[in-house]
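Q:
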Amino acid sequence: MVMIKVDGVFFSYDSHEALSNVSFEVEQGEFIGVIGPNGAGKSTLLRVMSKILRPRSGAVLLSDVDIQGMSERSVAKEMGFVAQDNTITFGFKVRDVVLMGRNPHLGRLDSESIQDIKIAEESMARTGVSHLAERLITEVSGGERQRVLIARALTQTPRILLLDEPTLHLDISSQLEIMDLLKRLNAELKLTVVSIYHDFNLAARYCERLLLMNKGRIEALGTPRNVLTEDNLRRVFGIDVHTYYNPLTDSIYVVPLQNSNWKGFKRGRKIHVICGGGSGGQLMHRLVDGGWDVTVGVLNLLDTDYEAAKALGIPIVSEAPFSPITEEAHDQNLKNIRESEAVIVTDFPVGCGNILNLEAAKKALESGVLTILIGADSILSRDYAKGEATQRIKELLDMGAVHAGTVQEALYKMESILTGED
Numbered sequence: 021m022v023m024i025k026v027d028g029v030f031f032s033y034d035s036h037e038a039l040s041n042v043s044f045e046v047e048q049g050e051f052i053g054v055i056g057p058n059g060a061g062k063s064t065l066l067r068v069m070s071k072i073l074r075p076r077s078g079a080v081l082l083s084d085v086d087i088q089g090m091s092e093r094s095v096a097k098e099m100g101f102v103a104q105d106n107t108i109t110f111g112f113k114v115r116d117v118v119l120m121g122r123n124p125h126l127g128r129l130d131s132e133s134i135q136d137i138k139i140a141e142e143s144m145a146r147t148g149v150s151h152l153a154e155r156l157i158t159e160v161s162g163g164e165r166q167r168v169l170i171a172r173a174l175t176q177t178p179r180i181l182l183l184d185e186p187t188l189h190l191d192i193s194s195q196l197e198i199m200d201l202l203k204r205l206n207a208e209l210k211l212t213v214v215s216i217y218h219d220f221n222l223a224a225r226y227c228e229r230l231l232l233m234n235k236g237r238i239e240a241l242g243t244p245r246n247v248l249t250e251d252n253l254r255r256v257f258g259i260d261v262h263t264y265y266n267p268l269t270d271s272i273y274v275v276p277l278q279n280s281n282w283k284g285f286k287r288g289r290k291i292h293v294i295c296g297g298g299s300g301g302q303l304m305h306r307l308v309d310g311g312w313d314v315t316v317g318v319l320n321l322l323d324t325d326y327e328a329a330k331a332l333g334i335p336i337v338s339e340a341p342f343s344p345i346t347e348e349a350h351d352q353n354l355k356n357i358r359e360s361e362a363v364i365v366t367d368f369p370v371g372c373g374n375i376l377n378l379e380a381a382k383k384a385l386e387s388g389v390l391t392i393l394i395g396a397d398s399i400l401s402r403d404y405a406k407g408e409a410t411q412r413i414k415e416l417l418d419m420g421a422v423h424a425g426t427v428q429e430a431l432y433k434m435e436s437i438l439t440g441e442d
């Protein structure tokens, strides 16, 4: 059953068009998140949906009735709206703030009935603020205040809850509390929820559908998996991201990589990374962000460093899982090394299957390529090649490889040597 229908809505602030032909439907009991960059029209959309603003053209239908033909009181009985700016400077008690939610149900001279008070108390209990009833609203924390304001909206006994960035300025614990509360209200009361978020991962974790806006238009509408794509986020936000399924939250997870607007910055200088076992992610990220042309290898296809390099768009020399490095992959690795100004070897676990990566580092030194070893002093704890890896690391240091204790130190030494400032 369609609860809300936004049909061809246009809205302008003077000459600035904030909403342009916006159309979508919200089913009863849905939990929808609205996302988009600043100035996309998200807050304006919610204000039009709640009849705070009147569209220039188009309509918002509530159960097939145009809200412009309804009184503000009637709309407030159907929709609770929690605005982004909810500053309350007067010293009202929390109980009184929540009771304000009954105003749409009262006549001008009416006072709250026992039933009204009961509804307010139930709302406070549902939102976990009953213990704050006698506290002043100016004395509660940000997370507590947000729950009080949600309780006030619930006291309107609406079928729909609209929220403009309900987690704004809250710490991560309070954010999760608010989102868990909204999800529980959605499930227990069959409450239809439409809310604005800036946090992609929070929205993906809790929302059934996402509406992606940009410049007053809808760019995408659908499940988080279909909306939070790398192409969509690059197009709308100008950022490169990697998206993957997070089994812990059973949702899509977005990892920002690099601002697309800086893609033009390239040093035109190549660095090769030898890593594995998750040891190279930070290094590769820093190199790419620094404008270096990066290659990496040899990595097996199941290595987390392989996934990191793939997400960063780095050319990879790869090998099949659980297989030793082949001569073909080793030769390709050496080719990338010969084309590089420096090779950085991370503190990866070394076994018989990937020992050729240390041989590749030796070839780099023999070719005069700057070679930096990160964490060489920890080789004993990660030598699974019966001591051969330890011997090879010692040999590399004797040949002139530069030792660095951390990624930061490795990058500093590399830049200093390559620029002649060492």
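For the sequence shown, our numbering gives the first residue as 21, with consecutive numbering after it. We treat Cβ as the ideally placed atom computed from N, Cα and C, and that holds for glycine. Keep in mind that this is a model prediction, so the values were computed, not measured.
How close, in whole Å, do the beta carbons of Gly-49 and Thr-212 come, if the pair is a contact with beta carbons under 8 angstroms?
A: Between Thr-212 and Gly-49 the Cβ distance is about 6 angstroms, and since that is below 8 angstroms, they are a contact.
Q: Hey, how far is the Cα of Val-29 from the Cα of Gly-78?
A: Answer to the nearest angstrom: the Cα atoms are 4 angstroms apart.
Q: Under the rule that 16 or more other beta-carbon atoms within 10 Å means buried, what is Met-304, buried or exposed?
A: Burial call: buried.
Q: What does a CB cutoff of less than 8 angstroms around Thr-439 pick up in its chain, not counting 5 residues either side in sequence?
A: Hits under 8 angstroms: none found.
Q: Please work out which residues of its chain come closer than 7 angstroms, Cβ to Cβ, to Asn-221, disregarding the five sequence neighbours upstream and downstream, and give them in chain order.
A: Closer than 7 angstroms at the Cβ level, and outside the excluded window around Asn-221, lie Tyr-273 and Val-274.
Q: Going by the DSSP bridge assignment, what does Phe-101 pair with across the sheet?
A: DSSP lists Leu-182 as partners of Phe-101.
Q: Alpha carbon to alpha carbon, how far is Thr-175 from Glu-132? Give it in angstroms, no decimals.
A: One C-alpha to the other measures close to 12 angstroms.
Q: Start and end of the alpha helix (DSSP H) containing Leu-119?
A: Counting along the chain, the alpha helix (DSSP H) containing Leu-119 begins and ends at 114-119.
Q: Which first and last residues belong to the alpha helix (DSSP H) in which Lys-355 is found?
A: Per DSSP, Lys-355 belongs to the alpha helix (DSSP H) from 347-358.
Q: Give every residue of the same chain whose Cβ lies closer than 8 angstroms to the Cβ of His-454, excluding the five residues on either side of it in the sequence, and list them in chain order.
A: Since the first and last residues shown for the chain are 21 and 442, residue 454 lies out of range.
Q: Just mark His-292 as buried or exposed, buried being the case when its beta carbon has 16 or more other beta carbons within 10 Å.
A: Looking at its Cβ environment, which holds 16 or more other Cβ atoms inside 10 Å, His-292 is buried.
Q: Going by DSSP, which residues form a beta bridge with Lys-25?
A: DSSP, once it has assigned bridges, lists Glu-45 and Leu-81 as partnering Lys-25.
Q: Leaving out five residues on either side along the sequence, give the residues of the same chain with a beta carbon under 7 angstroms from the beta carbon of Arg-245.
A: Taken in chain order, the residues that qualify are Ile-272.
Q: Under three-state DSSP, which class holds Ala-405?
A: Coil at Ala-405, not helix or strand.
Q: Name, in chain order, the residues that DSSP records as bridge partners for Pro-124.
A: Bridge partners of Pro-124: none, in fact.
Q: Taking buried to mean at least 16 other C-beta atoms within 10 Å of its own C-beta, is His-350 buried or exposed?
A: So His-350 ends up on the buried side.
Q: So what's Ile-55 in DSSP terms, helix, strand or just coil?
A: Reduced to three states, the DSSP call for Ile-55 is strand.
Q: Given Gly-395, which residues of its chain have a CB within under 6 angstroms of its CB, disregarding the five upstream and five downstream residues?
A: Taken in chain order, the residues that qualify are Asp-367.
Q: Just the C-alpha distance for Asn-252 and Ile-198, rounded to the nearest angstrom, thanks.
A: In a straight line, the C-alpha of Asn-252 is about 27 angstroms away from that of Ile-198.
Q: Quick one: residues in its chain with C-beta nearer than 7 angstroms to the C-beta of Ala-405, no 5 flanking neighbours on either side, listed in chain order?
A: The residues are Val-370, Gly-371, Cys-372 and Ile-375.
Q: Pair every Cβ in the segment 95-104 with every Cβ in the segment 145-160, then say whether three or more of these pairs are closer than 8 angstroms.
A: In short, these stretches do not touch, since the Cβ pair count stays below three.
Q: Cα separation between Leu-232 and Val-95?
A: Roughly 26 angstroms between the two C-alpha positions.
Q: Check whether the Cβ atoms of Asp-219 and Ser-63 sit closer than 8 angstroms, and answer yes or no.
A: Not a contact, by the Cβ cut-off of 8 angstroms.
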